[in-house]
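Everything below concerns the one structure shown next.
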Amino acid sequence: QVSDNIAHDLKTPLTRIRNRVEAALAQHRSEAEYREALQATIEEADHLIRTFNALLMIARVEAGSSDAAFCAFDASEVGRDVFELYEPLAEEAGVRLDLVTNGPVTVDGNRELISQALANLVDNAVKYVVDASAAPRVMISIVQGGGGVVLSVADNGSGVAESERKRVTERFVRLEESRSKPGAGLGLSLVSAVARLHGGALVLDDNKPGLLAVLRIPVSGPVHAL
């Protein structure tokens, strides 16, 4: 089952790339239209490369590698970067996306992985809230508290049943109803792994309505084995 899930999640973006190129070649188009198709293909390929990079990073950590590239950075900047990345996508989908921070929050960790984890949470929230709410909204929050940084993403969608919350954080497990949705393919399993790597935790809760995903990262903590 795990290998089937991995194959599906990595094959889907490759299929989208091929289909987009095939469609561009199927009929004569203007130079501007070809450029637009190529740009979209590049963006899809970049997304896939980021997914593979995250997989490789986790694999190195699991193997006991010490080159996890930890450094001090401002988590609120990561929040702004992810917000700016998803704001146009959310607007196009009719989703209100908001960001709340309480100033600079310095954390010692892997910026790329924490950014990928937050992006996964926002990606999930935006795509699942669209069909589940008449006024879909997603809130990103980056605040300091409890001896660390708290990165949370809340939506007003249908949420995840309490009985399923632990299962959806397992590596490469996706609920059947999510199979038709595009995504990074790693989902909450990556977020959970990144949290453990930083000595933190991912907690899923009821947002009443919707899902509240909370990623807690200590300001400075040991690298934990996955």
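This note's numbering numbers the first residue of the sequence shown as 171 and each following residue consecutively. In this text, a Cβ means the ideal position worked out from N, Cα and C, and glycines have one as well.
Exercise for the section: At 4 residues or longer, and completely inside the region 187–222: list those alpha helix (DSSP H) runs for me, N to C. Expected result: You should have found no qualifying run.
Practice task
Could you confirm whether any beta carbon from chain C is found closer than 8 angstroms to the beta carbon of E334?
Solution key: Protein chains in the displayed structure number just one, and chain C is not present.
Handout entry: Of the residues V248, A331, N377 and V275, the one placed nearest A324, counting alpha carbons only
Key = As a first step, residue 324 is located in the sequence shown; it is residue number 154 there, counting from the start. Nearest C-alpha to A324: N377.
Problem - Sequence-distant residues of the same chain with beta carbon closer than 6 angstroms to A239, five excluded per side - result: Counted from its first residue, the sequence shown places residue 239 at position 69. Excluding residues within five positions, the ones whose Cβ falls inside 6 angstroms are N280.
Exercise for the section: Tell me whether the beta-carbon of I387 lies closer than 8 angstroms to the beta-carbon of I219. Expected result: Looking up residue 387 in the sequence shown gives position 217. Looking up residue 219 in the sequence shown gives position 49. No, they are not a contact pair.
Handout entry: Helix, strand or coil at V252 [DSSP, three-state]
Key = Working through the sequence shown from its first residue, we reach residue 252 at position 82. Note: V252 maps to helix in three-state DSSP.
Practice task
Would you mind reading off the limits of the alpha helix (DSSP H) that contains S322?
Solution key: For the purposes of this step, residue 322 is taken as residue 152 along the sequence shown, with counting starting at 1. Counting along the chain, S322 falls outside any alpha helix (DSSP H), though it belongs to the beta strand (DSSP E) covering G318 to D325.
Handout entry: Span of the alpha helix (DSSP H) around S311
Key = By one-based count along the sequence shown, residue 311 stands at place 141. Segment R307 to G315 is the beta strand (DSSP E) holding S311; no alpha helix (DSSP H) there.
Practice task
Please look up how many angstroms separate the CB atoms of L225 and V252, rounded, as I've assumed it's under 8 angstroms.
Solution key: Working through the sequence shown from its first residue, we reach residue 225 at position 55. Working through the sequence shown from its first residue, we reach residue 252 at position 82. About 19 angstroms separates the beta carbon of L225 from that of V252, a gap too long to meet the 8 angstroms contact definition.
Problem - Exposed unless 16 or more other CB atoms sit within 10 angstroms - verdict on H198 - result: For the purposes of this step, residue 198 is identified with residue 28 of the sequence shown, where counting begins at 1. A residue is called buried once 16 or more other Cβ atoms fall within 10 Å of its Cβ, and H198, having fewer, is exposed.
Handout entry: Terminal residues of the beta strand (DSSP E) in which D301 lies
Key = Sequence index remark: in the sequence shown, residue 301 carries index 131 (1-based). Where D301 is concerned, there is no enclosing beta strand (DSSP E), given that its DSSP letter is neither H nor E.
Problem - Bounding residues of the beta strand (DSSP E) (the contiguous stretch that carries A371) - result: The residue you call residue 371 lines up with position 201 of the sequence shown. Annotation: the continuous beta strand (DSSP E) that includes A371 extends over A371 to D376.
Practice task
Kindly identify the DSSP beta-bridge partner or partners of L382.
Solution key: Here the question's residue 382 lines up with position 212 in the sequence shown. The beta-bridge partner set that DSSP reports for L382 consists of A324 and D375.
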